[in-house]
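This note's numbering puts the first residue of the sequence shown at 19, with every later residue one more than the last.
C-beta: ideal position from N, C-alpha, C; glycine also.
Shown next, in structure tokens, is the structure this report addresses.
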Amino acid sequence: MSSYAAFYRQSIDERDAFWAEQARRIDWHTPPQTICDYSNPPFARWFAGGTTNLCHNAVDRHLAARAQQNALVAISTETDTERAYTYAELHAEVQRMAAVLQALGVRQGDRVLLYMPMIAEAAFAMLACARIGAIHSVVFGGFASGSLASRIEDAEPLVVVSADAGSRGGKVVPYKPLLDEAIELSRHKPAAVLMVDRGLAGAAMRAGRDHDWAALRAQHLDAQVPCTWVDATHPSYTLYTSGTTGRPKGVQRDTGGYAVALAASMRHIFQADPGDTYLCTSDIGWVVGHSYIIYGPLIAGMTTIMYEGLPIRPDAGIWWSIVEKYRVTHMFSAPTAVRVLKKQDPAYLSKYKLSSLKALWLAGEPLDEPTAQWIGSALGVPIIDNYWQTETGWPILTLCNGVEPQAARLGSPGKAVFGYNVKLIDEATGAELTAPNQKGVVAIEGPLPPGCLQTVWRDDERFVNTYWKSIPGRLIYSTFDWGIRDADGYYFILGRTDDVINVAGHRLGTREIEECIASHPNVAEVAVVGVADALKGQVALAFAVPKNAAGLEAPEARLRLEGEVMKLVDARLGAVARPARVHFVSALPKTRSGKVLRRALQAVAERRDPGDLTTMEDPAALAQVKALVTE
Ligand code: ATP
Ligand code: MG
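Take a look at the structure:
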């Protein structure tokens, strides 16, 4: 077994040799001529000269050995349906979809926007685009028409693929009226709309523009659409960031680098073997869904499970029942989902046989220690945090147990992942911080490894200016997150660079205060923001969701709990970190990808306009905050 330290060093010091080796994990039509062309920094062209196809690597390549193995299982607790597709069946469905898209005029380089619920047809459409070299742009289903319209304008799709409706918690959300409105609002008009009819809401079809998937599919049952071999640098898709800190950025991803990075991650991070089963509870509208519901597991020859529904419906055992039934080996979720489960009866976790499960990976936001400990002891498998961004497409920090088993450290997403030349930078001077336990901006020295964003869609300038120019005096990629690294190379993420508050001259990370408050036995979830204060510059305000809201109706009970929380902060972090108020709320305002919208919280707490809220999940949560702070 090779040591991870040596493996990592090679990925940086002998970059091209390292990635040439990893490139052998996928099929190439023409092998790459150049491993990394970095002649025009910060733009990296990985595997230039090579031609390949993502769909070939995800589907066709496995037909020889595993045509009859399940490739995709689509489970919906919203419609009570379960449907499995073998690799052979997936191959057929993808070709039908590809033929239909071609019939609608889609050619290589054209954009296809997907506005889809978590149904198998969404996977077919993504893979079909990849197959014919079209660029997909998945927009999270159920986004309001304004958000959808701005994405349609940005991506300028020739075709939009959608469905009559999504469903959430048993409530049908019709998509077609939202889509029609979005197209109305958008300056760009797609030539065609392909509608999947789930029989949930029906859809008014516009003659000449709208087409029914089932009808067109029936005309292409025997379709044979060969894979289009595209350049390694050909864009495979665009995808917007979550919009936690501002206007979402359109991330553009390549083809060859992405396939290689995912294949390498499946081996070295996930230790995945062909035939294993992957359950990723994200949504295809997010980067985690792209990489680890669709492309990563399929490239690795696994069975991947798509799940439409809530984690607690019909009850909080639903995910574990899926693990038992499909003998899931790898599971990927988000801390926010685990915290939802933590509020439920823990008995659901012991009801099912989970012996197939090897580990649970979590990403998307800080994994607080109480949550990690709770789920770890409940499942009895390693809980592996991993830190990355829509921009990077795959983990920046985690444990590469496939290279060398490494112990997790609570509160740390692990070490720098191979290929990422991670640095901690002093924000003011731009100097690299090399000594352990110093706090700096987490930055990545170019070139970014394969799989990361090539640029911002049609906006090279925004790519350079946003990501590469924030640190004085050097061209280096900023993650806009704070971190420290301990003496053994484990990183700790301390929050976003704009989540630092300054109380009477003391700079405090809101994350530290949150961690502390979350350790109170009656706190399920908490967000801390800094708000302007005439005296101290800024003070911390906490918004906490109690685990047990019963008994907190009386103002005295809330005050008592608030006092307990403040004492806890005093004792652990000192009085300077003590929040001025701890408000108890029933939910925190979050993006639809489950991230706390701190900038909106902060704006509302400071009685400012919260700005772009297009990616917000539940407006009621913010309304509640507004009511509390104006009280
Ligand atoms: P935007 O960039 O549009 O404001 P966003 O940053 O929330 O939105 P994503 O790309 O979905 O969009 O999220 C990446 C960010 O999520 C990271 O930069 C980091 O702040 C946070 N994050 C992701 N994983 C972790 C993790 N394991 N630990 C701590 N933070 C994490
Ligand atoms: Mg971001």
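Please go through the same chain and pick out, in chain order, the residues whose beta-carbon is closer than 6 Å to the beta-carbon of residue 472, but skip the five residues on each side of it.
270 and 272
Which same chain residues, not among the five before or five after residue 202, have their C-beta less than 6 Å away from its C-beta?
none
In the DSSP assignment, find the alpha helix (DSSP H) that holds residue 338 and state where it starts and stops.
Taken as a continuous stretch (DSSP letters only), the alpha helix (DSSP H) holding residue 338 covers 336-344.
Is it the case that the segment 356-365 contacts the segment 531-545, given that we only count it when at least three CB pairs across the two stretches are under 8 Å?
The segment 531-545 is in contact with the segment 356-365.
Our contact map puts residue 622 next to residue 606 with C-beta atoms below 8 Å; I'd like the distance itself, whole angstroms only.
Not quite, the Cβ-Cβ distance comes to about 12 Å (not below 8 Å), so this is no contact.
Using a 10 Å radius around the Cβ and a threshold of 16 neighbouring Cβ atoms, would you call residue 611 buried or exposed?
Around the Cβ of residue 611, a 10 Å sphere holds 16 or more other Cβ atoms; the residue is buried.
Please list, in chain order, all residues of the same chain as residue 89 whose beta carbon is under 8 Å from its beta carbon, the five residues on each side excluded.
The residues 77, 80, 103, 104, 105, 107, 108, 316, 321 and 322, in chain order, have a CB closer than 8 Å to that of residue 89 in the same chain once the five nearest residues on each side in sequence are set aside.
Span of the alpha helix (DSSP H) around residue 368
365-368
Considering only heavy atoms of the ligand ATP, does any lie closer than 6 Å to the CB of residue 261?
yes
Quick check on the DSSP output: the beta strand (DSSP E) that includes residue 326 runs from which residue to which?
321-326
Could you name the residues that DSSP lists as bridge partners for residue 69?
48 and 249
Do you know how far the Cα of residue 66 is from the Cα of residue 148?
18 Å
Using a Cβ-Cβ cut-off of 7 Å (strictly less than) and excluding sequence neighbours within five positions of residue 200, which residues of its own chain qualify?
163, 166, 167 and 170
Under the three-state reduction of DSSP, which class applies to residue 158: helix, strand or coil?
strand
Count the other CB atoms within 10 Å of the CB of residue 19; is the residue buried (16 or more) or exposed (fewer)?
Residue confidence for residue 19 is low, a pLDDT of 44 falling below 50, so the modelled location carries little weight and cannot support an answer.
Got a sec: does the ligand NAD put a non-hydrogen atom nearer than 6 Å to the Cβ of residue 514?
Of the ligands this structure carries, namely the ligand ATP and the ligand MG, none is the ligand NAD.
Starting from residue 99 and walking both ways along the alpha helix (DSSP H), at which residues does that stretch end?
Taken as a continuous stretch (DSSP letters only), residue 99 belongs to no alpha helix (DSSP H), being part of the beta strand (DSSP E) at 99-104.
Near the ligand ATP: residue 382 beta-carbon under 6 Å from a heavy atom
Answer for residue 382: yes, Cβ within range of the ligand ATP.
For residue 628 and residue 638, which I take to be in contact (beta-carbon distance under 8 Å), what is that distance rounded to the nearest angstrom?
Not confirmed; about 14 Å, so no contact.
Simplified DSSP assignment, three categories, for residue 416:
The three-state reading of DSSP puts residue 416 in strand, counting E and B together.
From 197, 600 and 238, residue whose alpha carbon lies closest to that of residue 222
197
Pop quiz: residue 431 and residue 404 are said to be a contact at Cβ under 8 Å. What is the actual Cβ separation, rounded to whole angstroms?
6 Å
Touching by the beta-carbon criterion (3+ pairs, under 8 Å), the segment 456-471 and the segment 433-447:
yes
Which same chain residues, not among the five before or five after residue 409, have their C-beta less than 6 Å away from its C-beta?
Take residue 409, set aside five residues on each side of it, and the residues of its chain with a beta-carbon closer than 6 Å to its own are 269 and 471, in chain order.
Three-state secondary structure assigned by DSSP to residue 293
In this structure, residue 293 counts as coil in the three-state DSSP scheme.
Sequence-distant residues of its chain with Cβ nearer than 6 Å to residue 460 (five each side left out)
497, 499 and 501
Between which two residues does the beta strand (DSSP E) carrying residue 502 extend?
495-503
If you draw a straight line from the C-alpha of residue 476 to the C-alpha of residue 93, how long is it?
36 Å
Using only the heavy atoms of the ligand ATP, determine whether one of them is closer than 6 Å to the beta carbon of residue 511.
yes
Please classify residue 636: does DSSP put it in a helix, a strand, or coil?
coil
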